[in-house]
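Chains as they are written, first to last, in UniProt numbering: chain A, 1 to 336; chain B, 1 to 336; chain C, 1 to 336; chain D, 1 to 336.
See structure below.
Protein chains: 4
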Amino acid sequence: MTLKIGVIGTGMIGRDHTRRIQQVLAGAEVVALSDYNPDAARAVQADLAPAATVYEKGEDLIAAPEVDAILVCSTGATHEAYVLAAIAAGKPCFCEKPLATTADGARRIVDAEVAHGTRLVQVGFMRRYDAGYVALKEAVQTRTGAPIMVHAAHRNPTVPEQYLTPMAIHDTLIHEIDVFRWLLDDDYVSARVLFPRKADRAHARLRDPQVVVLETAKGVLIDVEIFVNCHYGYDIQCEVVGEDGIARLPEPMAIQMRLGATLQNPILTDWKDRFVASYDVELNDFIKAATRGTAAGPSSWDGYAAAITSDACVAAQDAEGTTVAITLPARPALYD
Amino acid sequence: MTLKIGVIGTGMIGRDHTRRIQQVLAGAEVVALSDYNPDAARAVQADLAPAATVYEKGEDLIAAPEVDAILVCSTGATHEAYVLAAIAAGKPCFCEKPLATTADGARRIVDAEVAHGTRLVQVGFMRRYDAGYVALKEAVQTRTGAPIMVHAAHRNPTVPEQYLTPMAIHDTLIHEIDVFRWLLDDDYVSARVLFPRKADRAHARLRDPQVVVLETAKGVLIDVEIFVNCHYGYDIQCEVVGEDGIARLPEPMAIQMRLGATLQNPILTDWKDRFVASYDVELNDFIKAATRGTAAGPSSWDGYAAAITSDACVAAQDAEGTTVAITLPARPALYD
Amino acid sequence: MTLKIGVIGTGMIGRDHTRRIQQVLAGAEVVALSDYNPDAARAVQADLAPAATVYEKGEDLIAAPEVDAILVCSTGATHEAYVLAAIAAGKPCFCEKPLATTADGARRIVDAEVAHGTRLVQVGFMRRYDAGYVALKEAVQTRTGAPIMVHAAHRNPTVPEQYLTPMAIHDTLIHEIDVFRWLLDDDYVSARVLFPRKADRAHARLRDPQVVVLETAKGVLIDVEIFVNCHYGYDIQCEVVGEDGIARLPEPMAIQMRLGATLQNPILTDWKDRFVASYDVELNDFIKAATRGTAAGPSSWDGYAAAITSDACVAAQDAEGTTVAITLPARPALYD
Amino acid sequence: MTLKIGVIGTGMIGRDHTRRIQQVLAGAEVVALSDYNPDAARAVQADLAPAATVYEKGEDLIAAPEVDAILVCSTGATHEAYVLAAIAAGKPCFCEKPLATTADGARRIVDAEVAHGTRLVQVGFMRRYDAGYVALKEAVQTRTGAPIMVHAAHRNPTVPEQYLTPMAIHDTLIHEIDVFRWLLDDDYVSARVLFPRKADRAHARLRDPQVVVLETAKGVLIDVEIFVNCHYGYDIQCEVVGEDGIARLPEPMAIQMRLGATLQNPILTDWKDRFVASYDVELNDFIKAATRGTAAGPSSWDGYAAAITSDACVAAQDAEGTTVAITLPARPALYD
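Here you go:
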């Protein structure tokens, strides 16, 4: 059986997911496309999915009888409405980050899904599908003993002028926020942000770097360096310290070379290359679950928890050095 | 368009490729199955491809009008006949190693394909699709300068009693023989085998380890340690020494841990895990080319060259320490 | 010319330094020994320095005309008085950690040395002489750009029952406190201590692990994990993040092995092995300077700064999560 | 007791050893110097050993009653006569490589020492004192199981025009020849040399690189790449493959950096930096043994074995690809 997918939003990521479904993954095809700019949808149709129907309105695509499942790849502000419509239609829905632009919006999705009674939503936190994090989680569960601390870093070579201090949370740390909850099987209880002196390359309206300190319900202390003007490369580091030992996220595969008085491995510079393989695994997981009429992987509850945590971290930036509490309501049984 | 594939031979690898086509890769489906034991074919049909037809004879599967392309996964002795039949039918054909059990057999396939006039055959040398080797080749072409030497090792923890000395060439070194031709874009001119003392764990009828020394037309000197009783793991090493520097095949992705007074990474022990990802890429390459009516990747000429080289290496085992010449006929223009 | 040294305190470290002078290093000999237990001094005399005189009182050893320079290796509470006596005698003096048991005591030594007018005191902070830290400092000064953050860890496999929470500062972090001031050429302005949940192996009266956060005058943010029940080994980590890149303290020299499905390097378990080579370099530096009538390396000012910082870090343990200011008086010109 | 040493030959290495004795190591002093150019000896006297006597003739220095032990650092052609004179005088003697310029000359020294009845000669094979090789030997003896193969490389960035093909053995491989005998506790039985194409940077009269294959009495197969135009650095590699696993010589201590899209460690470029620490250990071993009236470390028998092996390897260069036997006479009991 082939899953018939409708894609809302045909920008970079929507086009890329369409290519993935049409050319890479088994078991699905894109039968419908929609974009606020219909020409963009028609261009993707022409290039990748000639048999697909182009809809003017996302709502019509969601309602279309030939559509089994939906990918929401449109601009963030539109996510909530589309996801709620998909739940109302009872159709599995993959939603790119963020699930909603506010924690309240995410909560409305959670409530709708709980009312529906089965999972329908997968949020696009692709790091959970990265082979490195998967192996790290296994090591933490089987080798290091119970986690006590996490040391991590999220570094970009540079960011544009419009990247402001809160975006270090919403656009950058958001990945660590989700993946550490999953890695540790734990929830956050507080956030704190520490700022060293500002890096020379950071532009006027951005405080960079910063260290975000998170505490979990089980007492794990997490420090994450965020440095988006690190200059040397795109670099994701994560080390988990447990009762018996330490496990470390692998470096991306690279060729070791001996050249010019240097033993060297290349470091990536473009974030798009770092987790590229995990997008395939992520979407495959969606296709397999949606074919059974449900959803797996990062849930709307996870998206809601990420939204609450992000808000606390931004507050913690403003409260420099001071603890901001993170309070998550009781988790509905649907997400156990 | 979906490529309709017939699979001949439904043992471990035939079943796995069927799963790959049905569940992992886009663009193809298995429509026909055949095995010398029809019950085995029917079991794969039941598990993975309920819409496929089971044929008693591979020849009938090849001839079936609904079959666009063929996978030959049967026992080695049957490969030549099936591949020749596929060429006669003008259908793209993926053939697992070996292309034929003799160099003469491989030559007959080359001749048939040349007579046909376009490439139809891909041989299952999956290492060319491994991300590590692909990156190594790029490093050799762009960073190290022209190659002068290769130091390599192919190590298995253990082998069964029926693994005899020549199998170290035909079953083990065969992968290096193909992948180094591709990596260096070069051909072999001689082989020599050197034996240290026998390892304690090697059984009575196996000389193990051994070092195979190959020379290429461009003057590259290759030494490959083959050690199939190395005990500690399945380990593939390759280092290319060029005019300007050295590049090394990456270790497989692994979690670095600090445990029990040891800084440690796991090493694989099962060869099936080492290149598992490359099978997907390999078969995807076949599907894409076969959809265009042709074949890409390792050719029947590569299979023929590997057969000639293997025969020389086995002769070199018998001629311990002495050079055995490797002479390859002129390469037909089809394979340029 | 041979420097004639008197050693006060002939316990483990005093005996080891005597061996170093007598058997390893050029340019000095031990001519006098003293210990509160004269039999201990006589045992070292018999084993290592038969020509040395044993003095009942350290003060007499300091005053002895044949003694050119003094090593203070006695119990910490006696250091201040011996060092002051050495300064009064105008003799170069190497003092093991701590310079004094209180910051005020260290200040009295600084004042005496300043009054004397030239440097006479070297404090036993041996990490500054470790080849790894020396190379790290060079990398920070020449390659990484100006430092912005330091991520560090100081881990012991286990500690005895009498090791209480403040000792994590006075006995453990004290090394980082000194070596980071030297590494960064900077002074501390605040300390903060964060506690994750307590490790299972930590005994009742010890909070372990902890993360000490230090800020420097130049705005560098330092986080140091202290974990003295880490179980897996004795492990010192340090990573400096600068404007242009990152430099990391090397792992100790170790043999990489492939054994039992593991790629592995041994990790040390005994702290005494970690910086063993740096004791030779440290004492050689003392001998060379003392031969010229002065002292080099870590100064009494450094010992004083370390004492003030340690006190602040202990206060910060009590003030869990809150910043404690570190105020250092103006540095006398003698120490520029 | 202080060992009184006479140094014959005050070029680069003689001067350096004099500095080592006078300024670094305990237990010895240089009391006599000699050089075929007396001004050179007087310059070293002035700089490093003002109390030493300068002798016009090495023979007179050896005979001088105040001289307890001799260092032979003069040009290679003079070594044999000086060492024989030292043995005749019954004085311990450290001789830089080569012990003699011919195997027959080395044999005469062995015979003289055997006639004397106790060891008096240490040959300057400093690698045996390198901490990396010492740790490697321990790993081979305790962890890897009995050795079966060694893979090694000796690479220089460049060599001058006067470095001809046989010097790759006499000046370069000589270190591996000695250190592998010691590492494996074994003797060689044959040599073979394989040449890939010549590197572009190798000058007209030098075949470079080459692979020397040695077999030992216990059946270990050793391959050593010699590449003295490798361009990228001075690099010594050694990997021992045993029954149970593999051990590898450590890379020299280096700072790992993340800079310019590269994870990198510096590689040395000057051979003098690679084993610099081992010279101290080597000479300390000589001083300690000579103080007892004897010699330890690499013996004249080891120097003789190295000379015989070197001659065979040069013959093997001429006999390209063919085995040359290495026959060592029975070892006198003095060297057991």
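Where is the CB? At the ideal position from N, CA and C, for every residue including glycine.
Quantities reported herein were computed from a predicted structural model and do not represent experimental measurements.
Within the same chain, show all residues whose beta-carbon is closer than 7 Å to that of C:Y335, passing over the 5 residues directly before and after it, in chain order.
-> S299, W301
Return the chain-ordered ranges of every beta strand (DSSP E) run that is complete within the stretch 85-163 of chain D and spans a minimum of 3 residues.
-> 93-95, 121-123, 147-155
DSSP bridge partner residues for A:D223 (one or two, in chain order) = A:H151, A:V213
Sequence-distant residues of its chain with Cβ nearer than 6 Å to A:E243 (five each side left out) | G145, A146
Answer yes or no: does any C-beta atom of chain A fall closer than 7 Å to that of B:M253?
-> yes
For A:M257, decide whether its Cβ has a neighbour in chain B, counting only Cβ atoms nearer than 7 Å.
-> yes
When the Cα of D:G6 is compared with those of D:R128, D:V83, D:Y133, which residue comes out closest?
-> D:V83
What residue does the alpha helix (DSSP H) around D:K288 start on, and which one ends it?
-> 276-291
For A:N284, is the classification buried or exposed, using 16 other Cβ atoms within 10 angstroms of its Cβ as the cut-off for buried?
-> buried
Helix, strand or coil for B:R181 per DSSP?
-> helix
Under 6 Å Cβ to Cβ from C:Y129, same chain only, skipping five residues before and after it: list those, please.
-> S278, V281, E282
Separation of C:P50 from C:I287, as counted between CA atoms | 20 Å
Within 10 angstroms of the Cβ of B:K57, are there 16 or more other Cβ atoms? Answer buried if so, exposed if not.
-> exposed
Hey, is the stretch 227-245 of chain D in contact with the stretch 186-195 of chain B, meaning 3+ C-beta pairs nearer than 8 Å?
-> no
Could you say which of D:G245, D:R258, D:D273, D:T262 lies nearest to D:E251 if we only look at CA atoms?
-> D:D273
Near B:Q237, what residues of its chain come up, given a Cβ to Cβ distance below 7 Å and the 5 sequence neighbours on each side ignored?
-> A152, A153, L249
Give the secondary structure of C:K4 by DSSP, where H, G and I count as helix, E and B as strand, and everything else as coil.
-> strand
Helix, strand or coil: how does DSSP classify residue 395 of chain A here?
-> A question about residue 395 of chain A goes unanswered here, because the residues of chain A that appear run from 1 up to 336.
State the start and end residues of the unbroken beta strand (DSSP E) segment that holds B:E239.
-> 235-242
Cβ separation of C:V212 and C:V224, assumed to be a contact under 8 Å, to the nearest whole Å | 5 Å
Closer than 7 Å, CB to CB, is D:N284 near chain A or not?
-> no
Nonlocal neighbours in the same chain, by C-beta distance under 8 Å from residue 339 of chain D, ignoring five residues either side | Because chain D spans 1 through 336 in this model, residue 339 of chain D falls outside it and cannot be assessed.
Beta-carbon proximity list for B:I326, same chain, < 7 Å, skipping 5 on both sides | Y188, V189, S190, A191, I308, T309, A312
Assign B:G117 to buried or exposed, taking buried as 16 or more other Cβ atoms, counted over all protein chains shown, within 10 Å of its Cβ.
-> exposed
Interface residues of chain C facing B:A261 [CB-CB closer than 7 Å] = Y232, G233, P266, I267, T269
Answer yes or no: do C:A64 and C:A89 have a C-beta to C-beta separation smaller than 7 Å?
-> no
Spatially closest choice to D:T269 from D:F94, D:Y234, D:L263, by CA coordinates = D:Y234
In whole angstroms, what separates the C-alpha of B:I62 from that of B:H79?
-> 13 Å
Identify each residue in the stretch 142-172 of chain A for which the Cβ-Cβ distance to at least one residue of chain C is less than 7 Å, and report them in chain order.
-> I148, M149, H151
C:I267 - DSSP class collapsed to helix/strand/coil = coil
Identify, in the order they occur along the chain, each residue of the same chain with its Cβ nearer than 8 Å to the Cβ of D:T101, setting aside the five sequence neighbours on each side.
-> G76, A77, H79, E80
Reference B:R292, options B:L120, B:G11, B:P98, closest by Cα = B:L120
Where the alpha helix (DSSP H) through C:E59 begins and ends | 58-63
Look at B:A139 and B:A247 and say whether their C-beta atoms are less than 7 Å apart.
-> yes
For A:P98, I'd like the list of residues in its chain whose CB is within less than 6 Å of its CB, leaving aside the five on either flank, ordered along the chain.
-> G76
Supposed contact pair B:I222 and B:T172 - C-beta distance, whole angstroms, cut 8 Å = Contact doesn't hold; Cβ gap of about 15 Å is too wide.
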